[in-house]
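Quick note, the sequence shown lines up with residues 4 to 402 if you use my numbering. Read the structure below first, then the notes.
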Amino acid sequence: MPDPQDIVLTGLVSIKNGVSTGRLRMLSTAITDLLDIEYKGLFEDQQHCFVLLSQKRDSGDADTPPELTQGPIFDLSPNLFIWVTQQHLANNSAHLVARDIMSNICTAGLSETYRKIVDMLADAGHEKSAAQIWRAGVATDIDVFRYFLGVKKAVDRYDGMSQAQQEKCSPRSVPDWGQRDMVKDFATKKQIAQDAVEAFEHWAAHYGVADQHSAQIALWKEELRTEKKPKLPPPDKTPMSEDLFWEIMARAQCDSEVETALKIEDEFLGYTGKAIRDAGKMMQSYLVAAYRADIWGLAYLLEDGCSDDAFEDFRGWMILRGRTTFETIMTSPDMFDPRDADGANFAAGGSLQSAFENAYLCRAGKPLILPRTKYPKVEFDEDRIVDLLPKMSARLASA
4 MPDPQDIVLT GLVSIKNGVS TGRLRMLSTA ITDLLDIEYK GLFEDQQHCF VLLSQKRDSG
64 DADTPPELTQ GPIFDLSPNL FIWVTQQHLA NNSAHLVARD IMSNICTAGL SETYRKIVDM
124 LADAGHEKSA AQIWRAGVAT DIDVFRYFLG VKKAVDRYDG MSQAQQEKCS PRSVPDWGQR
184 DMVKDFATKK QIAQDAVEAF EHWAAHYGVA DQHSAQIALW KEELRTEKKP KLPPPDKTPM
244 SEDLFWEIMA RAQCDSEVET ALKIEDEFLG YTGKAIRDAG KMMQSYLVAA YRADIWGLAY
304 LLEDGCSDDA FEDFRGWMIL RGRTTFETIM TSPDMFDPRD ADGANFAAGG SLQSAFENAY
364 LCRAGKPLIL PRTKYPKVEF DEDRIVDLLP KMSARLASA
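Right, dumping it as structure tokens:
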């Protein structure tokens, strides 16, 4: 493939004159390769991007997109983000947009640019993926509210003590100025969370996906109203086992992988914190077991390329699709029927761990911390895929 910098600097992009789908795909890939990320780098690794865009903007090329010629160069990042998203939508690769936003949403939150992207996804028929992003963004605001609420309660508890009781407290229990500033900001953080929940509720109703999120929205509203963790129904105390794990996965199956990921969270929420944690450990063991070169090769063929992150999503997708799919691929990836992956949203597999984390947090009231996993050393070489998967390679080559 030509050097990404040459592609970006000489061809960004002939939209006005019309370009082929393949050219757009190459250009979009070049931008992301150039930044050594997919979308996050447009915000986190800007310097190189700005240098190149400055060169392109100042070159005077007639085919330069308007987004790159308007406003100061340091204001271009969101516009370029939106522009690249448009190219992915045109190339039926919207799942890459959803995956990259989801991977950054917990730290970046649902910014104005992200909201524009979410609306673009929904308007293009990807409302279920867009709703998952919205929900994750609201969850971020709720987590901030919970953190500030915890600090506020600790400060209020200390201030409610007598002087004698305060003198007996350890230095770590005495609120510092930063914590007291957080108490002052608590009402603002709560209002932000309330506004986010309300906005998500209206958005979900507008795009026809309210039914899938109404239960979670109701829990959030109750938590914000009472400033207390919502009371959940008594959990099923059945110990987690391998058979129960896959039974729950089977119950959670929906028309799309995105819906399935949300349903998995709801299903596991019905069990004890210990059972959810044990299920999380099982999930980890399945992800490690599937970390094989031949399975990586299968993902590469089905997705027409597969990075480290994409392979992690693919292994999550194997679990997400249930026991039959997982065990079929584990037994013989070369015999997997590619028709079973038609229309698959492999990126949704990246939401699997979040489903366990969210369920555990709601049930146990604390973050899910799983043991550190050790993966086997796997050397994947795309040039050896034909040797690893001769039948699958031949089948796809003749398709």
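Beta carbons are placed, not taken as given, at the ideal position from N, Cα and C, and that holds for glycine. Here the structure is a predicted model, which is why all the values come from computation and not from measurement.
Sort the options by Cα distance to residue i and report the nearest one.
i	options	result
H91	T275, I120 and L355	I120
I145	N95, K277 and E201	E201
L301	E268, D343 and I267	D343
D316	R326, T327 and Y303	Y303
G140	Q89, A167, K155 and I104	I104
K240	N95, S357, T275 and D390	T275
C257	E250, K377, W249 and K266	K266
T334	S132, L392, P236 and G211	L392
A207	S165, W249 and E130	E130
Q194	L364, Y210, L227 and N94	L227
Take residue i and list the residues in its own chain whose beta-carbon comes closer than 7 Å to its own, dropping the five residues that flank it on each side.
i	result
V158	P178, Q182, R183 and V186
F359	F271, I279, A282, G283, M286 and L371
L323	E260, T263, A264, A351, G352 and L355
A476	Residue 476 lies beyond the stretch modelled for the chain, which goes from 4 to 402, so this question has no answer here.
P242	A278
F314	W299 and A302
L305	P341 and A344
Residue i to residue j, Cα distance in whole Å?
i	j	result
L399	A351	23 Å
L71	I85	At L71 the pLDDT is 44, less than 50, meaning the model places this residue with poor confidence; the figure from the coordinates comes in the next sentence. About 12 Å.
D198	L113	12 Å
D78	L124	Caution applies to D78, whose pLDDT of 40 falls short of 50 and renders its modelled position unreliable; the model cannot decide the point.
E245	R366	21 Å
G346	I220	29 Å
T116	Y150	25 Å
W299	D312	11 Å
R60	L290	Any reading at R60 must be qualified, since the residue scores a pLDDT of 49, below 50, and its modelled position is unreliable; the value itself is stated next. When rounded, the distance between both Cα atoms is 45 Å.
D188	T328	49 Å
S288	P374	11 Å
R326	D340	15 Å
A253	P238	19 Å
C309	R138	27 Å
M321	A167	59 Å
L247	E330	16 Å
K231	K156	11 Å
N94	D307	13 Å
L477	A190	Because the chain in this structure spans residues 4 to 402, residue 477 falls outside the shown range and cannot be described.
Y378	M164	50 Å
S176	D162	11 Å
S132	A255	17 Å
W249	Q215	22 Å
R118	W223	20 Å
For residue i, I'd like the list of residues in its chain whose CB is within less than 6 Å of its CB, leaving aside the five on either flank, ordered along the chain.
i	result
V147	K192
E225	P233
F1	For the chain, the structure presents residues 4 to 402; residue 1 sits outside this window and is missing.
I251	E270
P236	none
If you drop the 5 nearest sequence neighbours on each side, which residues of the same chain put their C-beta closer than 8 Å to that of residue i?
i	result
H205	none
Q89	M123
V381	Y294, R295, A296 and W299
G368	K232
Inspect the beta-carbon positions of residue i and residue j and report whether they are closer than 8 Å.
i	j	result
R318	A296	no
K277	D337	no
A142	A97	no
V212	A134	yes
Discussion item. Whether or not the stretch 375 to 388 and the stretch 350 to 366 are in contact is what I'm after, with contact meaning three or more pairs of Cβ atoms, one per stretch, closer than 8 Å; do they touch?
Written reply: no
Practice prompt. Decide yes or no for the touch test of the stretch 156 to 172 against the stretch 208 to 222: beta carbon pairs closer than 8 Å, at least 3 of them.
Written response: no
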